[in-house]
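Going letter by letter, the sequence shown gives residues 68 to 392 in the working numbering. Some notes on the structure that comes next.
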Amino acid sequence: MKLYSRITGTGSYLPPRRLSNADLAAELATQGIETSDDWIVERTGIRARHFAAPEVCSSDLGIEAARRALQAAGVRAQDIDLIIVATSTPDMVFPSTACILQDKLGANGCPAFDVQAVCSGFIYALSIADAMIKTGAASKALVIGAEVFSRILNFKDRTTCVLFGDGAGAVVLEASDTPGILASDLHADGKHVGILCVPGHVSGGQVSGKPLLQMDGQAVFKLAVGVLDEAARATLAKAGKTAADIDWLIPHQANLRIMQSSARKLKLSMDKVIVTVDQHGNTSAASIPLALDSAVRSGKVKPGELLLLEGVGGGFTWGAVLLNL
Ligand code: ACO
């Protein structure tokens, strides 16, 4: 049995409709909501985001990312033996987006399930796939982060609706004789449910509560900065590495200021941090695999390099994965 798991291909997909801050500000102005490119850039680093068309679901974005990852890995869909989709914006209440995507892909038969850990979802999903490969339960996994966050945004709340976007990213993770994933570290603390949530549910066939995102931005900011640092250090320690060994930090793309703070705490120059939040906004579970794929395809991140992936999100959930590409 092979002892390790390794990423052998990456892929991503953004829906074609791109809105710059100015485009979004102009749309919001028609509803009497005031914002500006200056405010959004200064507070978040975001300059643009993509929004999916109304009929497009997370599985539609995820399938495109998955196909690109499979092509990059040189793996056929029918050889995949595990599919995990990280999403907080599933196509349906049930079945899982992973099952819907599996059928579209033609990889029917293998286990397929969703992971719900909001913006940490991809880190959770990657760690689970790694563990399943290491036990021999799977050998070729597709791990996908896919979101249509635009569906759960309150476009009357300017403090949140300017922050998020839609998109998907995917990796093929395969059993390997040489180490790819070196260590991971996952956490959650449910006492923070209220600071970032979509407090709605289906009851009697109706949506009860508020099915739109609400967030205490400053509380999230403070918590995120602390827990990301803890997860990064714990993961490095498990692998016997230090921050100085990292070639690239690929953080969850929520806010440039959170990323700058993470880098500062690890004494890493921003030149070693992959930043895509400026062009994608916060795509929740899709943000890390989207950032990874764009860095791989641009030639910035190269095979053999040491990457630290870190995520934080609603729950509160957080974690990190250290890997050799
Ligand atoms: N445009 C213009 N003005 C705005 C906007 C906007 N879009 N949003 C808020 N403002 C105004 C506020 O009304 C307020 O005005 P006032 O002083 O007259 O009352 C002022 O700007 C400052 O508002 P704050 O909420 O205090 O702004 P802050 O500096 O905290 O920035 C932000 C808000 C960007 C949300 C920040 O708290 C943040 O980045 N938090 C992290 C949250 C995050 O990244 N979440 C992503 C999801 S969680 C995750 O992925 C981990």
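C-beta: ideal position from N, C-alpha, C; glycine also.
Assign residue i to one of two classes, buried (16 or more other C-beta atoms within 10 Å of its C-beta) or exposed (fewer than that).
i: residue 352; result: buried
i: residue 89; result: exposed
i: residue 70; result: exposed
i: residue 205; result: buried
i: residue 282; result: buried
i: residue 236; result: buried
i: residue 207; result: buried
i: residue 234; result: buried
i: residue 309; result: exposed
i: residue 161; result: exposed
i: residue 73; result: buried
i: residue 244; result: exposed
i: residue 143; result: exposed
i: residue 199; result: buried
i: residue 241; result: buried
i: residue 270; result: exposed
i: residue 39; result: Here the chain covers residues 68 to 392 and nothing more, so residue 39 does not appear.
i: residue 266; result: exposed
i: residue 268; result: exposed
i: residue 226; result: exposed
i: residue 98; result: exposed
With DSSP as the reference, identify every bridge partner of residue i, one or two as the case may be.
i: residue 270; result: 273
i: residue 242; result: 72
i: residue 389; result: 250, 375
i: residue 318; result: 377
i: residue 87; result: 115
i: residue 180; result: 151
i: residue 213; result: 235
i: residue 350; result: Beta-bridge pairing links residue 350 to no other residue.
i: residue 79; result: 236
i: residue 384; result: 255, 380
i: residue 281; result: 264
i: residue 334; result: Answer is none; residue 334 lacks a bridge partner.
i: residue 340; result: 316
i: residue 208; result: 149, 240
When you compare each of the options to residue i by their alpha carbons, which one comes out closest?
i: residue 383; options: 392, 302, 350, 258; result: 258
i: residue 188; options: 212, 114, 208; result: 212
i: residue 338; options: 326, 95, 388, 155; result: 326
i: residue 292; options: 159, 74, 385; result: 385
i: residue 87; options: 370, 347, 372; result: 347
i: residue 131; options: 82, 103, 296, 307; result: 82
i: residue 313; options: 328, 232, 249; result: 249
If you measure from the CB of residue i, is any heavy atom of the ligand ACO nearer than 8 Å?
i: residue 282; result: yes
i: residue 319; result: yes
i: residue 110; result: yes
i: residue 379; result: yes
i: residue 285; result: yes
i: residue 101; result: yes
i: residue 324; result: yes
i: residue 349; result: yes
i: residue 264; result: no
i: residue 219; result: no
i: residue 227; result: yes
i: residue 357; result: no
i: residue 230; result: yes
Would you say residue i lies against chain B (beta-carbon separation less than 9 Å)?
i: residue 134; result: Reference to chain B is not applicable here, since this structure consists of a single protein chain.
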